[in-house]
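Using numbering that gives the first Met the number 0, you'd call the opening residue of the sequence shown number 0 and step up by one each time.
Written out below as structure tokens is the structure these notes cover.
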Amino acid sequence: MYTSSIYKKSPIFIQNVMVSLRDLVRAAIRSEKRVAGLKSQLRENEYSHDALKAFCDTQLEAALLRAKSTAAYGTHQQLDQFAFIDKQDVKASPDAFLNTQLNPKVTVKGSTSGTTGTPLSIPQDLNSVLREQAFVSRHLEWAGYQKGDKRAWIRGDVVVPLSQKVGPYWRYSVFENMILMSSFHLTADAIPGYLTAMEDYGVDIIQAYPSSIATLAKFLDSKDLYYRGKLKSIVTSSESLSQEDREVIEKRFQCKVFDWYGLFERVAAIGSCEHGNYHLISDYSHVEFLDSGDGKHEIVGTNYNNALYPLVRYRTGDHVVLANEQRCPCGRTYPVIEKIEGRVGDFLLGEDGQKIHILNHIPKGIEGLISCQFVQEKAESIKVLVVVDQAKFTTQQEQQLIANTNERVGQSITVDVHRVDALPRTKNGKVRQAVCSVESKF
């Protein structure tokens, strides 16, 4: 809708009406009555080990049965008889994973964001969309959401044209009680307007990409200011959330962050609770952890919620660190995950040609730095794009950022800092931590 010429040419009032009507239609399609039984079961699963096990056993059995109706898997009976698959396998033979026993009236076609390569297209039936919404809604409840609460949405929606240079960079949905804000216009000059708009609207919960809300938090931090509204919580998803970013967000917005890890393939979900612990949502999918040999484990998932497109033992390429202590003060039955390492695809090449994935410590402690992105187009040089508070990001801070980068990638690599108004985003509005176009030798 946002890309239509009618929407782009309409005055703001009409755009608000169009956004509201779209959400009214969505709400009717996603009526909670359709998944009321599932939501009730999910709540029971949270605190009952027996209920959770019975539910998961039934779901896995059904998932493996559906796999028999595809050309990809054959007639395997047990999970360990299935070979591991990955994104490239699905892209090579996309039709082979379709459940031929289903012919849904409504098919929703979507794709992964493609932030680490070309997108992967995966069809869903309507029931898959509804089931996904049930799990997302439950996590919102963990974050304190109640029907009628006002929300801010700062994700990948192009609610105003990318070419627009003057605010407001947000629109309102009456039926969702929501202010939808562009993540593409978060310049240092525009950020104060974003904060004021949310404060004036009386937002209760913010749902945002980590990069978007971290940009706002770091702006506040650079000014030693705090968000003036009263929030219940902030819910982040779709990007990796570093511990450093979580801390500055919680400090400057004075509320808890509830992070959600999920994939469009629907093969795994992990959500953080009110105590800040990550939990594997084990009634969402069946997850196996492959030991990477470095204290990390790759997430391998079998989906429960997309009957049209069964994925069994799908290697995600994402890694976690498992927790030693599995009990959480929240009392929920779900296993505890110590840390999500995030997308393996974001990396730089060090001077020895090795891939360097963990980059969160490089910008730590740099005063006046609001956000940054590392770009490596040549093996011997790296550009660091930065959005900064001009008054605080001094030459000394810039040199410290260069020194931190060289400490991580090697002293022989030339590091240049480039100040920009806003970081480049993918078509879905995400910010990649690193963009490397140099081929690794390893």
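Glycine residues also receive a C-beta, built at the ideal position from the N, C-alpha and C atoms.
Owing to the predicted nature of the structure, the values given are computational and were not obtained by experimental measurement.
Give the secondary structure of residue i by DSSP, where H, G and I count as helix, E and B as strand, and everything else as coil.
i	result
C55	helix
I11	helix
S39	helix
D317	strand
K338	strand
F252	helix
F134	helix
L348	strand
K104	coil
I5	helix
T114	With a pLDDT of only 48 at T114, under the threshold of 50, the placement of this residue in the model should not be trusted, and no figure is reported.
R29	coil
S172	strand
Y119	Sequence check: residue 119 is Leu here, not Tyr. Of the three classes helix, strand and coil, the one that applies to L119 here is coil, per DSSP.
T235	strand
Between residue i and the rest of its own chain, which residues show a CB-CB distance below 7 Å, the 5 nearest in sequence each way excluded?
i	result
L101	D124, A306 and L307
S241	N359
F174	S19, D22, L23 and A26
L215	I190, Y193 and L194
S68	N98, T99 and Q100
With respect to 7 Å, is the separation between the Cβ of residue i and the closest non-hydrogen atom of the ligand HEM below this value?
i	result
F392	Only the bare structure without any ligand can be found here, which leaves the ligand HEM out of the picture.
Which same chain residues, not among the five before or five after residue i, have their C-beta less than 8 Å away from its C-beta?
i	result
D223	none
F288	H296, E297, I298, V299, V319 and L321
V419	L384, V385 and V386
S380	I412, T413, V414 and D415
Under 6 Å Cβ to Cβ from residue i, same chain only, skipping five residues before and after it: list those, please.
i	result
Q80	none
W259	H138, S236 and G270
H285	L59 and T301
R265	N302, N304 and N305
Would you decide whether residue i is buried or exposed? Buried here means 16 or more other CB atoms lie within 10 Å of its CB.
i	result
K146	exposed
P10	exposed
R312	buried
A151	buried
R227	exposed
A27	exposed
K429	buried
T114	The predicted position of T114 is uncertain, since its pLDDT is 48 and thus under 50; no value can be drawn from it.
L161	exposed
T404	buried
F12	exposed
Please confirm whether residue i has its beta-carbon closer than 8 Å to some beta-carbon of chain B.
i	result
E366	In the structure shown, chain B cannot be found, because there is only a single protein chain.
What distance in whole Å lies between the Cβ atoms of residue j and residue i, which are believed to be in contact at a cut-off of 8 Å?
i	j	result
S181	Y208	Between Y208 and S181 the Cβ distance is about 12 Å, and since that is not below 8 Å, they are no contact.
K382	D415	5 Å
R170	Q14	5 Å
R130	L63	Not really, about 18 Å apart at Cβ, beyond 8 Å.
I205	I121	Not really, about 28 Å apart at Cβ, beyond 8 Å.
Q396	I361	The pair is not a contact, with the Cβ atoms about 13 Å apart (cut-off 8 Å).
Segments assigned beta strand (DSSP E), at least 3 residues, entirely inside the segment 259-330: 268-271, 277-279, 284-290, 296-302 and 313-321
Secondary structure, beta strand (DSSP E): runs of 3+ residues fully inside the segment 380-414: Taking 3 residues as the minimum length, the beta strand (DSSP E) runs contained wholly in the segment 380-414 are 380-387, in order along the chain.
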